[in-house]
Amino acid sequence: MKVAIVYNEAHPDYYKERHQVQKKDLDFKPYFDLEYTDPFETFERMAQGIREVGYDCYLLNIKDDYDLFMKDYKKNAPDVVFNLVEIFYEKAHYEMNFAGLLELMKVAYTGADPIALGTCQRKAMAKSIMYAQGISTPQYQIVSTLDDLKELKLHYPIIVKPTMEDASIGIEFDSVVDNYEKLLAKVENILFNLHQSALIEEYIDGRELNVAVLGDKKPRILPISEIDFSRMPDYLHNIVSFQAKWDPYHEAYHSTVAICPSILPTEVENTAKDLALKAFKAMGCRDYARVDMRLSKENKLFVLEVNPNPDLTEDAGFMRSSKAAGLNFNKTLKRIVDLAYKRKTRKLH
Numbered sequence: 276m277k278v279a280i281v282y283n284e285a286h287p288d289y290y291k292e293r294h295q296v297q298k299k300d301l302d303f304k305p306y307f308d309l310e311y312t313d314p315f316e317t318f319e320r321m322a323q324g325i326r327e328v329g330y331d332c333y334l335l336n337i338k339d340d341y342d343l344f345m346k347d348y349k350k351n352a353p354d355v356v357f358n359l360v361e362i363f364y365e366k367a368h369y370e371m372n373f374a375g376l377l378e379l380m381k382v383a384y385t386g387a388d389p390i391a392l393g394t395c396q397r398k399a400m401a402k403s404i405m406y407a408q409g410i411s412t413p414q415y416q417i418v419s420t421l422d423d424l425k426e427l428k429l430h431y432p433i434i435v436k437p438t439m440e441d442a443s444i445g446i447e448f449d450s451v452v453d454n455y456e457k458l459l460a461k462v463e464n465i466l467f468n469l470h471q472s473a474l475i476e477e478y479i480d481g482r483e484l485n486v487a488v489l490g491d492k493k494p495r496i497l498p499i500s501e502i503d504f505s506r507m508p509d510y511l512h513n514i515v516s517f518q519a520k521w522d523p524y525h526e527a528y529h530s531t532v533a534i535c536p537s538i539l540p541t542e543v544e545n546t547a548k549d550l551a552l553k554a555f556k557a558m559g560c561r562d563y564a565r566v567d568m569r570l571s572k573e574n575k576l577f578v579l580e581v582n583p584n585p586d587l588t589e590d591a592g593f594m595r596s597s598k599a600a601g602l603n604f605n606k607t608l609k610r611i612v613d614l615a616y617k618r619k620t621r622k623l624h
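Residue numbers for the sequence shown follow the working numbering, beginning at 276 and rising by one.
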């Protein structure tokens with residue numbers, strides 16, 4: 276089988292420049308290495324892993340030019356496209372468009388289809404679907420203009436998020452607010468700087484759980500991972516902000532350490548798995564996804580969001596859960612490739 280790992284990095288030199296950043300003097304003790312994540316290393320490691328299970332595999336960066344993909348597909352005719360395209364023309368909501376192209380071409384490809392990608396990308400739509408399906412999620416409002424704040428029906432503290440981003444873009448530590456003035460400032464930033472509506476929801480103070488789901492027709496819930504906030508300094512909120520995810524020179528990055536499997540009461544664990552499976556199906560996900568949720572101090576679970584096609588870096592959340600389930604990195608990648616190939620085979624019959 277021939278597998279093409281397709282990704283879109285229009286400015287690859289950016290990562291080289293970032294690795295040349297001056298080392299900073301830190302006023303805290305780092306937990307992790309002080310290195311920025313290099314996506315190209317992840318892509319190479321994935322290709323190596325797929326080759327090690329016996330499949331032919333190559334990498335393709337389409338660099339904001341879908342014609343590069345069309346020419347490559349005509350030349351190499353891969354059996355499966357491992358779809359890692361997350362952004363196009365620097366717009367996150369164009370992620371679904373590349374999957375749409377693959378769908379029109381009837382190409383076997385991994386991960387979510389265009390509808391699932393688009394639905395999960397649009398947080399307002401995802402929240403409304405969860406409510407309709409009876410999936411517990413924090414109370415929320417969508418704010419498209421400042422006038423919308425005049426009819427605020429939520430209780431503080433409130434967390435403010437952009438409605439059309441992922442990877443925690445737009446989520447900072449001042450995104451959790453406890454009064455109207457702070458709320459107004461955060462909403463203004465999203466409306467006028469990020470040029471999109473704001474999702475405001477009641478902040479659930481508690482534990483954060485990541486529930487990985489693997490499969491298509493018969494999805495499997497993997498061991499639950501938890502973000503340990505015990506190292507978080509008092510002046511920072513217990514959230515996975517943009518800095519906590521991506522900036523190794525920020526204290527929050529070293530204060531959000533994952534524990535897998537999470538130690539939970541049996542009833543809570545079973546409920547979390549049931550919720551994750553229900554959310555996975557409600558959003559139309561397939562192959563692999565991660566459902567993020569909060570466990571309140573009263574042991575009530577709330578789904579925050581569903582992430583189709585989550586990060587597959589070897590030490591990231593999804594792979595951490597997969598490893599805890601007894602699947603190593605290579606076997607997990609093979610499982611995802613096989614799911615895509617079998618799906619195409621079913622359609623041909």
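Using N, Cα and C, we set each Cβ at its ideal position, and we do this for glycine too.
Within 8 Å, strictly: CB atoms of residue i and residue j
i, j, result
"Ile479", "Pro413", "yes"
"Gln396", "Met439", "yes"
"Asn513", "Glu327", "no"
"His557", "Met405", "The amino acid at residue 557 is misidentified as His; the sequence shows Ala. It is a contact, given that the beta carbons lie within the stated cut-off."
"Phe318", "Pro523", "no"
"Ile446", "Lys457", "no"
"Tyr282", "Val360", "yes"
"Val612", "Ile433", "no"
Distance, residue j Cα to residue i Cα
i, j, result
"Tyr563", "Leu614", "10 Å"
"Arg569", "Thr531", "15 Å"
"Ile417", "Val581", "18 Å"
"Asn574", "Phe357", "38 Å"
"Glu284", "Arg595", "25 Å"
"Arg610", "Ser419", "41 Å"
"Glu370", "Leu377", "12 Å"
"Glu477", "His525", "26 Å"
"Thr541", "Met380", "45 Å"
"Ala473", "Val462", "6 Å"
"His624", "Tyr384", "Low per-residue confidence applies at His624: pLDDT is 46, beneath 50, and the placement is therefore not dependable enough to give any value."
"Lys635", "Asp449", "As shown, the chain starts at 276 and ends at 624. That puts residue 635 outside it, with no answer to give."
"Ser403", "Phe373", "25 Å"
"Pro585", "Arg565", "6 Å"
"Val278", "Asp331", "6 Å"
"Asp363", "Gln323", "Note that residue 363 is Phe in the sequence shown, not Asp. For Phe363 and Gln323, the distance between alpha carbons rounds to 26 Å."
"Val451", "Ala460", "11 Å"
"Met321", "Tyr431", "43 Å"
"Asn545", "Ser411", "15 Å"
"Leu497", "Cys535", "10 Å"
"Arg621", "Arg495", "20 Å"
"Ser443", "Tyr348", "33 Å"
"Lys398", "Leu421", "19 Å"
"Pro335", "Lys520", "It is Leu, not Pro, that sits at residue 335 in the sequence shown. When rounded, the distance between both Cα atoms is 26 Å."
"Thr607", "Phe593", "10 Å"
Best match in the options for proximity to residue i [C-alpha to C-alpha]
i, options, result
"Pro389", "Asp331, Ser472, Met405 and Ala367", "Ala367"
"Lys617", "Val355, Gly481, Asn545 and Asp567", "Val355"
"Asp302", "Ser443, Ala527, Val612 and Gly481", "Ala527"
"Phe517", "Leu359, Leu550 and Asp441", "Asp441"
"Tyr455", "Trp521, Gly481, Gly445 and Leu427", "Leu427"
"Phe504", "Glu319, Glu316, Arg482 and Ala401", "Arg482"
"Phe577", "Arg320, Tyr333, Pro437 and Leu484", "Leu484"
"Gln408", "Pro494, Leu334 and Asp549", "Asp549"
"Ala533", "Glu501, Ser571 and Lys350", "Glu501"
"Ala352", "Leu421, Leu466, Ile280 and Asp567", "Ile280"
"Asp453", "Ile465, Leu429 and Ala401", "Leu429"
"Leu392", "Asp567, Arg561, Lys572 and Phe467", "Arg561"
"Glu365", "Val382, Lys338, Ala387 and Gly386", "Lys338"
"Asp313", "Gly329, Asp288, Tyr333 and Lys304", "Asp288"
"Ala529", "Ser537, Ala401, Val515 and Asn468", "The sequence shown places His at residue 529, not Ala. Answer by Cα proximity: Val515."
Practice item. Please determine if the segment 506 to 517 and the segment 583 to 592 are in contact, where contact requires at least 3 C-beta pairs separated by less than 8 Å. Key: Verdict: no, contact absent.
Point to revise | Given 8 Å, three or more beta-carbon pairs between the segment 596 to 603 and the segment 484 to 494 | key: The segment 596 to 603 makes contact with the segment 484 to 494, as at least three CB pairs between them are under 8 Å.
Point to revise | beta strand (DSSP E) runs contained entirely in the segment 476 to 536, provided each spans 3 or more residues | key: Listed in chain order, they are 481 to 490, 500 to 503 and 532 to 534.
Review point. What residue ranges within the segment 526 to 593 form continuous alpha helix (DSSP H) runs of no fewer than 4 residues, ordered along the chain?
Key: If we require 4 residues or more, the alpha helix (DSSP H) runs fully inside the segment 526 to 593 come out as 541 to 557.
Exercise for review: Go through the segment 422 to 456 residue by residue and report every complete run of the beta strand (DSSP E) that reaches 3 residues or more, in order.
Suggested key: The segment 422 to 456 contains these whole beta strand (DSSP E) runs: 433 to 437.
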